[in-house]
Amino acid sequence: MTGRLADVLPLSPAQEGLLFHALYGGGDVYVVQARFTVEGEADPARLRTAVESLLERHPNLRACFRHKGLDRPVQLVPRRVRLPWTEVEPPSDADLERMLEADLLRPFDVTRPPLVRATLVRRRELVLTMHHLLVDGWSMPILARELATLYAGGPALPPAPPFRDYLAWLRSQDGAQALDAWREALADLPGSTLLRPGAGVASPRQEAVERELSPEAGEAVRRRARAAGVTVNTVVQAAWGLVLARMTGRDDVVFGAVVSGRPPEVAGVESMVGLFANTLPVRVRTGSPEPLRRLQDEQARLSPHHQVRLADVRRDAGELFDTLVAFENYPRDGLDAAGGLRLTGVHDATHYPVTVTVVAGERLWLRLGYRPDLVSRAEAEAIIARFARALEGAGDLPSEEHRLLTDWGGPRRAGALGSVPERFAAQVARTPDAVAVEHGGHPLTYAELDARSDRVAARLGLAPETRVALLMERSPDLVVAQLAVLKAGGCYVPLDPGLPRARLAWLLEDSGAQVVLTKPDDSEPDDREPDDSEPDDSGPDDSGPDGSPAAAVHPHAAAYVMYTSGSTGTPKGVVVTHAGILDLATDRRFSGHRRVLLHSPHTFDAATYELWAPLLNGGTVVIAPPGPLRPDTVERSRLSAMWLTAELFRTLADLAPDALARVPEIWAGGDVLAPEPVRRLARRGVRVVNGYGPTETTTFATSHHAGPEPGSGPVPIGRPLDGTRVYVLDARLRVAPIGTVGELYIAGDGLARGYLGRPGLTAERFVADPFAAGERMYRTGDLARWTFGGELEFAGRADGQVKIRGYRVEPGEVESVLESCPDVERAVVSAVRGERGGWRLVAHVVPRGGGAPARVREHAASRLPKHLLPAQYVLLDRLPLTPHGKLDRAALPAPAAPPARRPAAAPGTPREKELCDLFTEVLSSSAGADTDFFESGGDSLLAMRLTAAIESRLGLRTSIAALFEAPTPAALAVRLDRAAPELDLSPLLTLRAEGDGPPLFCVHPGRGIGWSYTALLPHLAPGRPVHALQSPVLQDPRHRTPESMREMADDYLTRVRAVRPEGPYLLLGHSFGGLLAYEMAARLRAGGQEVGLVASLDAVPWPAGTRAGPADAEQEALTILLRTRTLHPYAQPGPLERARVFAAVRGSEGPLSGLDDERLSAVADAVAGHLRLAVTYRPPAFDGTVVLFSATAQPGGLASAVKAERWAPARVRVHDLDCGHSDLLRPGPAAAIARVLEPILGSV
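Note that the working numbering has the sequence shown beginning at 3, numbered continuously upward.
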């Protein structure tokens, strides 16, 4: 050892994993914050000495970590370190909470010791903050007991057993044998268990929900464990396995578990302080016999192998899991020890989307940590409730099931009575002279329609449910024929006269039609008897005497048979009853549909709505002229409602928005409904409803009213219609939890009878309803999920879901992302089998306005994990459609054969050559310019070695995060040679130059720096230039801060106009920048320019009369500078001093670290000037809308309603974000902001 080093130690497996995350970049979540309460008033000197003594007793607490130039990282233990010690007096509890939060977010430089800091709060509380690399949960009670003893000054503590003994034991273990045991344990695992596939980088801000079980519930868990002969930990793991099984629809799941990692073979291990705990997989098979005993036996067999690296276990098995369970049952003696010091709380977090912690005591305490960028608080609350139920031995979800089956899924109700003819007759009696049908300006009253259909029905003379083919075009005669067949007790079969003769012949034979009605060509009926070779071919002649059907029609009699395409290629006839038609027509949602356009082919089930919804409610059926629907038909028909397929709706919204704007309510569907045309029409006052339902449920089963802000994804399909019940079920017909994808089943009065002449298929698709005795439900084959707001979301087809490299893939998810790209008009993604039997994704894309395929690929790559990226793109002029206006997937052109695997690409630049050499060296295999580091065997240790080699050999600093984002030498070369935006302090900082759309200008917050807006780039569509406006003082310390906000706005607009001389202008600002952006917008409008966006990130005008004195402005300015390096203002007691603040800023790695005192002093003066301008600013008039993002989790912050009032008289649209003011541009909130902005930007 050198004179300064006491030891050099290897790392434990868990330390290697946490070091990887610490070096990853983007926020290190593995920081532990322990809070100790001091009895009475603390003696600061004695307490500081006690903490320093802990670092003396346990050398590994003084360690730092190095990896550059080494095959494996090491921890260096200095002989002595200086403990960072701070004493603070926060004026309020809210300030204390802000301080603690900032302390957690303040990263450690793991290469510089010590990774411990201490803060004494008000001389009554000690906060000890450490990197998780140094300690685990078991260590905390040991530290608490020893610290209390040292502070009390009692008898000398015995020597602490050294952590290095455990590390020496690790080196003696057989790693190959351990890995073999893990491979056997995970053999035949069906795949990874991921709640959030492709979650990516962790957000440093973690949140949690907690629940404490009652003593009775806790005892019940222990009783259950004793009865099964297992530990409580096994019951906990089995319960979480059940929850995961329900949430993923699988019965063989895997998750991570924290193991203590303290081998009994190591003397004194129970008293050691260090990171022993390790994370390893736990596999739960929920369908196995005696699952608890099997789980415990498997874990017991693996316990001798807890020392393996998780990266080694995952090397063969893949990502495996993204949830973690920690069962804390370590000795807690001494937490209330004498000595005047008591451990009151420990805060830690993980990078996983969901982390479950169970603390075993007299009561069981549950904590569910979650990443708010991936999991909502509502979902977290639901998950912890499910877990508590599973712990108590109940696998069901009673509260959720009641909500889903009763409140959201649709209550059971009595259906409409009677038949279609009876309902129509009652309407005729009420309004005989009202117009029932209108065609080409010619009306047909209810009385006239009744009379004509009566005469035709009488002449038909049908036996009950005789099938009558309607081989007719759209016309009043068709309406007469349909009504007449029903009055006669028959069942109509709509057929398209344009079909090929062979197809028509097949349909006539399959339907068993005894009569065929066609367009009448004479006035005399044809009385020939039908035979097998020549069906009766007559028109709906009503020239005979008046008559009425001979017999009443039963409500459950067949009304029509409609053919739909079958999965085998053979059409199947769906038999719909009178009850089904009445259930649809009498739904309260259609009560205002007085004039409805009949334009759909009568062979399409949408025509059922278009005809019977108005006709059975006293309305008017407006019949469109033959041929495709024309916009002028919509404009002149004075409609109250109409139906359009999703594709036709999108087309007309693009080509004829004025025509659609004349229709008060439009129902659209039949395919995924895109949000953008919905948004445009809704903003013009049209009520747009997404109607969902297969033919087997009589046209519609659910609906969703989509408002003017439908979001960026596909529009939900909503909730069930009045007589309908919907269920989202798993493979075992259990209710799928809220937020979980399952198969959609539909029950209720609208259900069809089944498939004509296909009892086997009927039995397969129309199955017994497990929630309503004696009733049936229809298995749609569609995937759906309930949102926590009680809306159904379509999630694709069950038969369209495939696995690619072990991941479950739903092509619909990929389609949604592709269609959010400005270069894409329409996209369809299909899974296609490759030559070797595996699946690959193929995207058929209709470009928008000369859209570039490269930008589409870039857009997808920035938003989707690798396993969801299409392998091939096929460009089309338009998508093929069926005659009913739906996408015809069968007609999509087959993709070209994928290119043969080619050799690795040669490097194209000197930088690529340098990186290829380093990749080859680290991976121990040849690498080309397109070699993916992680797909070629790279893991966390090798990533550390590569980034270190890049810095030492090439002199370029990079991070592991950069390697994940650019994993090939070619991509990494571009990234390394591009100047990092945070190093650029130019007044106009270009964050993204590419694109020809109107650029987004982001105005700096009070500190004057704009690089934080880079957080928005991954979430904004490619092709949108983005610039940040920064304070000129960053480059020129002589720059004078303007005297007014108006003067500053004019100054900044000079730079804006240099980039974009004319509007429309898009402006956004955080904090002070939001106020300045508004002033810039007002100045632009005063000059006659168009402003397409003014977005304020939690910027709020101050109340009238507010002033900022020089001393207050100085302290706030220095506070803001300290926040630039994530150091909280309470890092030193008393007023902040420029010299100490400047030294702290220069000692950080922040964007101002390279500035000298003169320039930092100028920056501080500018920040103080920004504050003075902000508090006195009064917003002028502006004729646009301010999009305000309100940070609702800011301690002591204003309510959103108050913030909106402060902007008066400006119009404000508020979007709440569950984060603090300073967190708005962290990954999670930034993604949420971009989701709101993207549709607005796309419409400008």
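Positions of the beta carbon are idealized from the N, C-alpha and C atoms, including for glycine.
Next on the checklist: Ignoring anything shorter than 4 residues, give me the alpha helix (DSSP H) runs that lie fully in the stretch 549-618, in order along the chain.
Outcome noted: 580-587, 608-617
Item to check | Bridge partners - Gln35, DSSP secondary structure assignment | outcome: Thr131, His349
Checklist entry - Does the stretch 730-746 come within contact of the stretch 241-257, defined as at least 3 CB pairs closer than 8 angstroms? => result yes
Checklist entry - How many angstroms separate the CA atom of Leu419 from the CA atom of Gly193? => result 51 angstroms
Checklist entry - Which value, in whole angstroms, describes the spacing of the CA atoms of Thr281 and Arg119? => result 26 angstroms
Checklist entry - Nearest-angstrom Cα distance between Leu169 and Gly792? => result 53 angstroms
Next on the checklist: Does the contact criterion of 3 or more C-beta pairs under 8 angstroms hold for the stretch 322-329 versus the stretch 255-269?
Outcome noted: yes
Checklist entry - If you count every other CB in all the chains shown that lies within 10 Å of the CB of Ala507, and 16 or more means buried, which is it? => result exposed
Checklist entry - Roughly how many angstroms separate the alpha carbons of Leu102 and Leu122, rounded to a whole number? => result 12 angstroms
Checklist entry - beta strand (DSSP E) containing Val1058: first to last residue? => result From DSSP, Val1058 is part of no beta strand (DSSP E) but of the alpha helix (DSSP H) over 1047-1061.
Item to check | 6 angstroms Cβ shell around Gly744 - same chain, five flanking residues per side excluded | outcome: Val730, Leu731, Asp732, Ala738
Checklist entry - What are the complete beta strand (DSSP E) segments, minimum 3 residues, inside the stretch 657-685? => result 667-671
Next on the checklist: Does Cys1221 come out as helix, strand or coil in the three-state DSSP assignment?
Outcome noted: coil
Checklist entry - What residue does the alpha helix (DSSP H) around Glu218 start on, and which one ends it? => result 217-230
Item to check | For Asn692, the residue or residues it bridges with in DSSP | outcome: Ala670, His706
Checklist entry - Alpha carbon to alpha carbon, what distance is there between Glu300 and Leu683? => result 59 angstroms
Checklist entry - So, is Lys574 buried or exposed, given that buried needs 16 or more other C-beta atoms within 10 angstroms? => result buried
Checklist entry - Helix, strand or coil: how does DSSP classify Pro306 here? => result helix
Next on the checklist: What would DSSP say about Thr764, mapped onto helix, strand or coil?
Outcome noted: helix
Item to check | Between the CA atoms of Val576 and Phe773 - distance to the nearest angstrom | outcome: 24 angstroms
Checklist entry - When burial is assigned at 16 or more other CB atoms within 10 Å of the CB, is Arg93 buried or exposed? => result For clarity, residue 93 is Pro in the given sequence; the question names Arg instead. By the 10 Å Cβ count, Pro93 comes out exposed.
Checklist entry - Can you list the beta strand (DSSP E) stretches of 3 or more residues lying completely in the stretch 727-776, in chain order? => result 744-750, 768-770
Item to check | Cβ contact check for the stretch 236-247 and the stretch 141-153: 3 or more pairs under 8 angstroms | outcome: no
Next on the checklist: If we require 3 or more residues per run, which beta strand (DSSP E) segments fall completely within the stretch 243-285?
Outcome noted: 254-261
Checklist entry - So Leu1019 packs on Leu990, CB below 8 angstroms; how close in whole Å? => result Their Cβ separation, rounded to whole angstroms, is 16 angstroms, which puts Leu1019 and Leu990 out of contact at 8 angstroms.
Next on the checklist: Just verifying my parser: in three-state terms, what is the DSSP assignment at Ser290?
Outcome noted: coil
Item to check | Proximal residues to Val211 (C-beta, below 8 angstroms), its chain only, five neighbours per side dropped | outcome: Arg369, Leu370, Tyr372, Arg379, Ala382, Glu383, Ile386
Item to check | Own chain, CB closer than 8 angstroms to Pro12, minus 5 neighbours either side, in chain order | outcome: Arg74, Val76, Gln77, Leu169, Leu172, Arg173
Item to check | DSSP state of Glu89 mapped onto helix, strand, coil | outcome: strand
Checklist entry - Using CA coordinates, which residue listed in Arg50, Arg37, His134 is at the minimum distance from Ala65? => result His134
Checklist entry - Going by other Cβ atoms of all chains shown within 10 Å of its Cβ, with 16 needed for buried, is Ala1203 buried or exposed? => result exposed
Item to check | Cβ neighbour criterion (16 or more within 10 Å) applied to Asp1100 | outcome: buried
Item to check | Assigned secondary structure, Ser1098 (DSSP; H/G/I helix, E/B strand, else coil) | outcome: strand
Next on the checklist: How far does the beta strand (DSSP E) with Phe329 in it extend, from its first residue to its last?
Outcome noted: 325-330
Checklist entry - Taking just the CA atoms, how far does Gly1111 sit from Ala1212? => result 28 angstroms
Next on the checklist: Quick check: the stretch 341-353 against the stretch 36-49, are at least 3 beta-carbon pairs closer than 8 angstroms?
Outcome noted: yes
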